[in-house]
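Q: This is the structure I want to talk about, given as structure tokens.
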Amino acid sequence: MKIVAIFNNKGGVGKTTYMYHVAHMLAERDLTILMVDCDSQCNLTAYSLRDVDIKKSWGASGNSIFQNIMPVFQGLGDIRDRAPSSALNSKGRLYIVPGDLRLSDFEDSLGDTWNSARGGSEASVRTQSAIHRYIIKAAQKVEADLVMIDLGPNLGALNRAVLASADYFITPVAPDLFSLQGTENLGRKLVSWRDGWEQVHLNSKNFNFPIPKGAPKFLGYVIQQHNVRSNPEGMSKGWKIYGKELMPAINVNIIAKLKPNHQVIEWEGDNHELGKIPNLHSLIPYSMEAKKPIFYCNGSDGLNGAHITKAKNCSALFEDIVSTLQAVALPSFDDPLA
Numbered sequence: 135m136k137i138v139a140i141f142n143n144k145g146g147v148g149k150t151t152y153m154y155h156v157a158h159m160l161a162e163r164d165l166t167i168l169m170v171d172c173d174s175q176c177n178l179t180a181y182s183l184r185d186v187d188i189k190k191s192w193g194a195s196g197n198s199i200f201q202n203i204m205p206v207f208q209g210l211g212d213i214r215d216r217a218p219s220s221a222l223n224s225k226g227r228l229y230i231v232p233g234d235l236r237l238s239d240f241e242d243s244l245g246d247t248w249n250s251a252r253g254g255s256e257a258s259v260r261t262q263s264a265i266h267r268y269i270i271k272a273a274q275k276v277e278a279d280l281v282m283i284d285l286g287p288n289l290g291a292l293n294r295a296v297l298a299s300a301d302y303f304i305t306p307v308a309p310d311l312f313s314l315q316g317t318e319n320l321g322r323k324l325v326s327w328r329d330g331w332e333q334v335h336l337n338s339k340n341f342n343f344p345i346p347k348g349a350p351k352f353l354g355y356v357i358q359q360h361n362v363r364s365n366p367e368g369m370s371k372g373w374k375i376y377g378k379e380l381m382p383a384i385n386v387n388i389i390a391k392l393k394p395n396h397q398v399i400e401w402e403g404d405n406h407e408l409g410k411i412p413n414l415h416s417l418i419p420y421s422m423e424a425k426k427p428i429f430y431c432n433g434s435d436g437l438n439g440a441h442i443t444k445a446k447n448c449s450a451l452f453e454d455i456v457s458t459l460q461a462v463a464l465p466s467f468d469d470p471l472a
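Residues 135 to 472 (this note's numbering) make up the sequence shown, in order.
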């Protein structure tokens, strides 16, 4: 079982929509996929479950991510091991650990206990590893081939703890100034977090519970939300300017910083662009309302005419990244050039 996080510290790039569609396509390819919603905005959960089931997941006997780590948050016990929910309208084995707005409250506990966890305090390390340990249990319950974690767009204590669980991470970016700046912040933080988790492991050798490695490998980036034009780059002029700057920025700010720690997957030709997802505009609201991927939507979901054809054909946009993640899910995958 492999864990992949979808993460960037810049919002508004269609991260959740992208992950949701990719997960459905992987499930359709006969993989068992577990989605984990660790974004306190809960958009992935809203996309995947009925409102009545979301409310139930937040209740006392619910299975939201917060309900499963609540005893740790309260200081009254350890994690629960409640089973994930089945995602709506899947054509395969697709599950989700529902998100919970209260997860942001747990971030305070993660911030407060980080220094003592690095010093080897067992109680603090249990707090820092709570989400990681629950994700492992949830994945085992559904026998997941691949876990995909949706993270919020920030560089706070919650993402430090959750990203530490991942074997790999993908960074969705938009061809704009803010995404370029975001890569600089991201690379610097990842190096700092890796150093912190190394301290945790150094001082926590005798604990009988799993601790996240804290060293996810960079799989690559996906360009999202660009406006399509009929030119070789497929982008409007303004977006094309920043699009050309993305790879150099990622090389300097992420790849060069993580390579010394062996946290970068090497692809042929050093090409870390995993795909391009254009702005799908009005198709997204139809998809969200129907709680199904765009390529499963039809006339009964309000589509008509050219929209139906465009919806059916849009699965091709995700093919490259889906094939990549299908390979990642193989037990033998580590470095494709090794």
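Note that the Cβ used here is the ideal one computed from N, Cα and C, for glycine as well.
(1) Identify whether P382 lies in helix, strand or coil by the three-state DSSP scheme.
(2) Is there contact between the stretch 145-162 and the stretch 206-213, where contact requires at least three CB pairs shorter than 8 Å?
(3) Expressed to the nearest angstrom, what Euclidean distance is found between the alpha-carbon atoms of T443 and L437?
(4) Go through its chain and collect everything with a Cβ distance to E379's Cβ below 7 Å, but skip five positions before and after it.
(5) Report the partner residues of V231 according to the DSSP bridge assignment.
(6) Quick one: Cα of K410 to Cα of Y268, how far?
(7) Quick check: the Cα distance between H360 and H441, rounded to an integer number of angstroms?
(8) What are the uninterrupted segments assigned as beta strand (DSSP E) that are 3 or more residues long and contained completely in the stretch 190-257, given in chain order?
(9) Have a look at S299, E277, A278 and flag the residue whose alpha-carbon is nearest the alpha-carbon of S263.
(10) Taking Cβ to Cβ, would you say Y355 is nearer than 8 Å to I304?
(11) Pull up the CB-CB distance for P306 and Q358, whole angstroms please, since I reckon it's below 8 Å.
(12) Which residue marks the beginning of the alpha helix (DSSP H) containing L417, and which one marks its end?
(13) The alpha helix (DSSP H) spanning F312 covers which residue range?
(14) Quick one: is the Cβ of G409 within less than 7 Å of any heavy atom of the ligand COA?
A: For this structure:
(1) Position 248 of the sequence shown, counted from the first residue, corresponds to residue 382. DSSP places P382 in helix when its eight states are reduced to three.
(2) no
(3) Numbered from its first residue, the sequence shown carries residue 443 at position 309. Numbered from its first residue, the sequence shown carries residue 437 at position 303. Straight-line Cα distance between these residues: approximately 9 Å.
(4) Translated into positions along the sequence shown, residue 379 becomes position 245. Excluding sequence neighbours, E379 sits near L314.
(5) Here residue 231 refers to the residue found at position 97 of the sequence shown. Looking at the DSSP assignment, V231 forms a beta bridge with V170.
(6) Here residue 410 is taken as the residue at index 276 of the sequence shown, counted from 1. Here residue 268 is taken as the residue at index 134 of the sequence shown, counted from 1. C-alpha separation (whole angstroms): 33 Å.
(7) Here residue 360 is taken as the residue at index 226 of the sequence shown, counted from 1. Here residue 441 is taken as the residue at index 307 of the sequence shown, counted from 1. Low per-residue confidence applies at H360: pLDDT is 43, beneath 50, and the placement is therefore not dependable, though the value from the model is reported in the following sentence. If you take the alpha carbons of H360 and H441, they lie about 19 Å apart.
(8) 228-231
(9) By one-based count along the sequence shown, residue 263 stands at place 129. Looking at the Cα atoms, S299 is the closest of the given residues.
(10) Within the sequence shown, numbered from 1, the residue matching residue 355 stands at position 221. Within the sequence shown, numbered from 1, the residue matching residue 304 stands at position 170. Yes.
(11) Along the sequence shown, read from residue 1 onward, the residue named residue 306 stands at position 172. Along the sequence shown, read from residue 1 onward, the residue named residue 358 stands at position 224. So it is a contact: roughly 5 Å between Cβ atoms.
(12) The residue you call residue 417 lines up with position 283 of the sequence shown. From DSSP, the alpha helix (DSSP H) with L417 extends over 417-424.
(13) To locate residue 312, count along the sequence shown from 1; it is residue 178. Start and end: 311-336.
(14) Among the components of this structure there are no ligands whatsoever, and the ligand COA is therefore not found.
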